[in-house]
């Protein structure tokens, strides 16, 4: 076999390999969503974040508008300090409410943003005033049980 | 009684010293190989010739294996996932297992069996028929002319083969999951894209395959270069290549996985 046929076969091999890599980057992974570093970061504080994880989506009206950048605990107030990176093409008003929601009954948790009516927009580094913590199933159940327990003696009288 | 005790202890000692000796030989060989790489990199056509024999000729077995592994993963994954009502996550499970683990590892195992054993036999026979000695006589360095191109070809081919394996696997899972079982096409891909990270999963997988390529390539040329110049010696050397390559790929995979994916979520 002469040189040019080796070159052709190897070239074809490399081309197929590169195509497979492109397939993995674009179709299997999502290179388009891999844009950490762009956009601006806003801060939100929650009493309880439940099972929220770094890189969880930030959604508004169900549309992904950013990602959770980092999660930490404020040592003074014992609140969870969540940094949200919002894509640069979205703007939210100053009185936006952030809440931690769950997709489906047992799905992953995400941060939902609900824009308010303030004409001033959030800028990088701003802190969200109003937040709503994650729904903790155990707390809900115990609340339910306590309210049931409180009801029963009233009925017995 | 006493003599046999001494024999036992020295047999134990020999067991370890011979292995350490071999390891030292391999390390010195790797050092010499590293020196000859600079010359070999200046003559890339030699490497591409070996890429043809090792990489291109392994293409079909890797692609077909990937397809079947993906299909099996889809069938088994669906069986479990549908019990929890989350059959749409099939794409995620298949893609993550392929891209992170099965792609690089199974490709390296197949490569060790399909290509590296042939490289060992080839170099071993060159040694046995004194072709290497003849090259040396002609002032042609067999390290940079014969050994280094084959070593480089393994490193060069492995990431492409692993990518092809994973891609074929995902397509196989898609055929089973979407076309035959009837999972929603959009959910299959969107869940996969939402959960497979290009940097953490895809790039780390390719990095793994480059490390495996280095290990498998080094073992195959080393075993061939130091094969006993007899028919039996070459047979032993090819067997050792496959066994040692497979074991070191699996061991390296554990180490790399711990380094790459521990502490993630």
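Protein chains in written order, with my numbering: chain W, 125 to 281; chain C, 18 to 282. Don't be surprised by glycine CBs; every beta carbon is placed ideally from N, CA and C. Here the structure is a predicted model, which means the values were calculated and not measured.
- Query: Who pairs with residue 2/C in a beta bridge, going by DSSP?
  - Reply: It is not possible to answer for residue 2/C, since the shown part of chain C is limited to 18 through 282.
- Delimiting residues of the beta strand (DSSP E) encompassing residue 232/W: On the first chain, position 108 is the one that residue 232/W refers to. Per DSSP, residue 232/W belongs to no beta strand (DSSP E) and is neither H nor E.
- Query: Between residue 119/C and the ligand NAD, is the CB less than 8 angstroms from at least one heavy atom?
  - Reply: Within the structure as shown, the ligand NAD is missing, as the structure has no ligands at all.
- Task: Select from 250/W, 219/W and 262/W the residue whose C-alpha is nearest the C-alpha of residue 205/W.
- Result: The residue given as residue 205/W occupies position 81 in the first chain. Comparing Cα positions, the closest option is 250/W.
- Query: So, does the CB of residue 279/C fall closer than 9 angstroms to a CB anywhere in chain W?
  - Reply: Here residue 279/C refers to the residue found at position 262 of the second chain. Contact with chain W is absent for residue 279/C, since none of that chain's Cβ atoms lies less than 9 angstroms from the residue's Cβ.
- Message: Pop quiz: residue 292/C and residue 120/C are said to be a contact at Cβ under 8 angstroms. What is the actual Cβ separation, rounded to whole angstroms?
- Response: With chain C running from 18 to 282 in the structure shown, residue 292/C is simply not present.
- Item | residue 242/C, enclosing alpha helix (DSSP H) - first and last residue | Start at 1 with the first residue of the second chain, and residue 242/C comes out as number 225. Under the DSSP assignment, residue 242/C falls in the alpha helix (DSSP H) whose first and last residues are 221 to 242.
- Query: How about residue 145/W: is its C-beta nearer than 9 angstroms to some C-beta of chain C?
  - Reply: By 1-based counting over the first chain, the position of residue 145/W is 21. Yes - at least one Cβ of chain C is within 9 angstroms of the one on residue 145/W.
- Assigned secondary structure, residue 249/W (DSSP; H/G/I helix, E/B strand, else coil): Reading the first chain from its first residue, position 125 is the one you call residue 249/W. Note: residue 249/W maps to coil in three-state DSSP.
- Kindly say whether residue 183/W, judged by its beta-carbon, lies nearer than 9 angstroms to any beta-carbon of chain C. On the first chain, residue 183/W is found 59 positions in, with the first residue counted as 1. It does not; no Cβ of chain C falls within 9 angstroms.
- Alpha carbon to alpha carbon, how far is residue 233/C from residue 267/C? Give it in angstroms, no decimals. Position 250 of the second chain holds residue 267/C. Position 216 of the second chain holds residue 233/C. Rounded to the nearest whole angstrom, the CA to CA distance from residue 267/C to residue 233/C is 11 angstroms.
- Query: So, is residue 21/C buried or exposed, given that buried needs 16 or more other C-beta atoms within 10 angstroms?
  - Reply: As a working note, residue 21/C is residue 4 in the second chain. By the Cβ neighbour-count rule, residue 21/C is exposed, with fewer than 16 other Cβ atoms within 10 Å of its own.
- Task: Within 10 angstroms of the Cβ of residue 226/C, are there 16 or more other Cβ atoms? Answer buried if so, exposed if not.
- Result: Along the second chain, read from residue 1 onward, the residue named residue 226/C stands at position 209. So residue 226/C ends up on the buried side.
- Task: Note down the Cα distance separating residue 158/W from residue 190/W, rounded to an integer number of angstroms.
- Result: The residue given as residue 158/W occupies position 34 in the first chain. The residue given as residue 190/W occupies position 66 in the first chain. With a pLDDT of only 48 at residue 158/W, under 50, the local geometry of the prediction cannot be trusted, and the value read off the model is given with reservation. The alpha-carbon atoms of residue 158/W and residue 190/W are separated by roughly 11 angstroms.
- Query: Among residues of its own chain, excluding the 5 on either side of residue 260/W, which ones have a beta-carbon nearer than 7 angstroms to its beta-carbon?
  - Reply: For the purposes of this step, residue 260/W is taken as the residue at position 136 of the first chain. 172 and 174.
- Item | Three-way DSSP call (helix, strand, coil) for residue 273/C in this model | Stepping through the second chain from its first residue, residue 273/C is reached at position 256. DSSP, read as helix, strand or coil, puts residue 273/C in helix.
- Task: List the residues of chain C that residue 140/W touches, going by C-beta distances under 8 angstroms, in chain order.
- Result: Working through the first chain from its first residue, we reach residue 140/W at position 16. For residue 140/W, the chain C residues whose Cβ falls inside 8 angstroms of its Cβ are 76, 177 and 181, in order along the chain.
- Message: Please report the straight-line C-alpha distance between residue 197/W and residue 169/C, rounded to a whole angstrom.
- Response: Along the first chain, read from residue 1 onward, the residue named residue 197/W stands at position 73. Along the second chain, read from residue 1 onward, the residue named residue 169/C stands at position 152. If you take the alpha carbons of residue 197/W and residue 169/C, they lie about 49 angstroms apart.
- Item | DSSP-derived helix/strand/coil call for residue 218/W | Within the first chain, the letter at position 94 stands for residue 218/W. If DSSP states are grouped into helix, strand and coil, residue 218/W belongs with coil.
- Message: Could you check whether the Cβ of residue 158/W sits closer than 9 angstroms to any Cβ belonging to chain C?
- Response: The sequence position of residue 158/W within the first chain is 34, counting from 1. In this prediction, residue 158/W scores a pLDDT of 48, lower than 50, which makes its location untrustworthy; the coordinate-derived value is nonetheless stated afterwards. For residue 158/W, the answer is yes, since a Cβ of chain C falls inside 9 angstroms of its Cβ.
- Option in 237/C, 25/C, 60/C and 269/C with minimal Cα separation from residue 133/C: On the second chain, position 116 is the one that residue 133/C refers to. Of the residues 237/C, 25/C, 60/C and 269/C, the one whose Cα lies closest to the Cα of residue 133/C is 237/C.
- Message: Taking CB distances under 9 angstroms as the criterion, tell me whether residue 210/C reaches chain W.
- Response: As a working mapping, residue 210/C is identified with position 193 in the second chain. Yes, because at least one Cβ of chain W sits closer than 9 angstroms to the Cβ of residue 210/C.
- Message: My assumption, with CB atoms under 8 angstroms, is that residue 7/C sits in contact with residue 261/C. Please give the rounded CB distance.
- Response: Residue 7/C lies beyond the range of chain C shown here (18 to 282); nothing can be said about it.
- Item | Integer Cβ distance of residue 155/C from residue 49/C, believed to fall under 8 angstroms | Taking the first residue of the second chain as 1, we reach residue 155/C at position 138. Taking the first residue of the second chain as 1, we reach residue 49/C at position 32. For a cut-off of 8 angstroms, the C-beta gap from residue 155/C to residue 49/C is around 19 angstroms, too long to register as a contact.
- residue 181/W: first and last residue of the uninterrupted beta strand (DSSP E) it sits in: On the first chain, residue 181/W is found 57 positions in, with the first residue counted as 1. 181 to 184 is the span of the beta strand (DSSP E), which, as asked, contains residue 181/W.
- Spell out whether any CB of chain C is found under 9 angstroms from the CB atom of residue 134/W. For the purposes of this step, residue 134/W is taken as the residue at position 10 of the first chain. Yes, residue 134/W counts as interfacial toward chain C.
- Does any C-beta atom of chain C lie closer than 9 angstroms to the C-beta of residue 249/W? Locating residue 249/W in the first chain gives position 125, where the first residue counts as 1. No, residue 249/W lies away from the interface with chain C (no Cβ there is under 9 angstroms from its Cβ).
- Task: Determine the contact status of residue 231/C and residue 83/C, defining contact as a CB-CB distance below 9 angstroms.
- Result: Sequence index remark: in the second chain, residue 231/C carries index 214 (1-based). Sequence index remark: in the second chain, residue 83/C carries index 66 (1-based). Against a cut-off of 9 angstroms, the Cβ pair of residue 83/C and residue 231/C comes out as no contact.
- Message: Distance cutoff 9 angstroms, beta carbons only. Does residue 65/C sit that close to anything in chain W?
- Response: On the second chain, position 48 is the one that residue 65/C refers to. At least one CB of chain W lies nearer than 9 angstroms to the CB of residue 65/C.
- Query: Of all the CB atoms in chain C, is at least one closer than 9 angstroms to the CB of residue 152/W?
  - Reply: Within the first chain, numbered from 1, the residue matching residue 152/W stands at position 28. Output row for residue 152/W: interface = yes.
- Alpha carbon of residue 43/C to alpha carbon of residue 240/C, nearest angstrom: Within the second chain, residue 43/C is the residue found at index 26, counting from 1. Within the second chain, residue 240/C is the residue found at index 223, counting from 1. Separation of residue 43/C and residue 240/C (C-alpha to C-alpha, rounded to the nearest whole angstrom) is 9 angstroms.
- Query: residue 137/W and residue 177/C: beta carbons closer than 9 angstroms?
  - Reply: Your numbering for residue 137/W matches position 13 in the first chain. Your numbering for residue 177/C matches position 160 in the second chain. Result yes, Cβ atoms of residue 137/W and residue 177/C sit closer than 9 angstroms.
- Under 8 angstroms by beta carbon: chain C residues contacting residue 149/W: As a working note, residue 149/W is residue 25 in the first chain. Here the neighbours are 215 and 219.
- Query: Who are the neighbours of residue 72/C on chain W, taking C-beta pairs under 8 angstroms?
  - Reply: Stepping through the second chain from its first residue, residue 72/C is reached at position 55. Chain order gives the chain W residues near residue 72/C as 134 and 137, where near means a beta carbon separation below 8 angstroms.
- residue 186/C and residue 115/C look like a contact to me (Cβ under 8 angstroms); what is the Cβ gap, rounded to whole Å? Here the question's residue 186/C lines up with position 169 in the second chain. Here the question's residue 115/C lines up with position 98 in the second chain. Going by Cβ atoms, the distance from residue 186/C to residue 115/C rounds to 4 angstroms, so yes, they are a contact pair.
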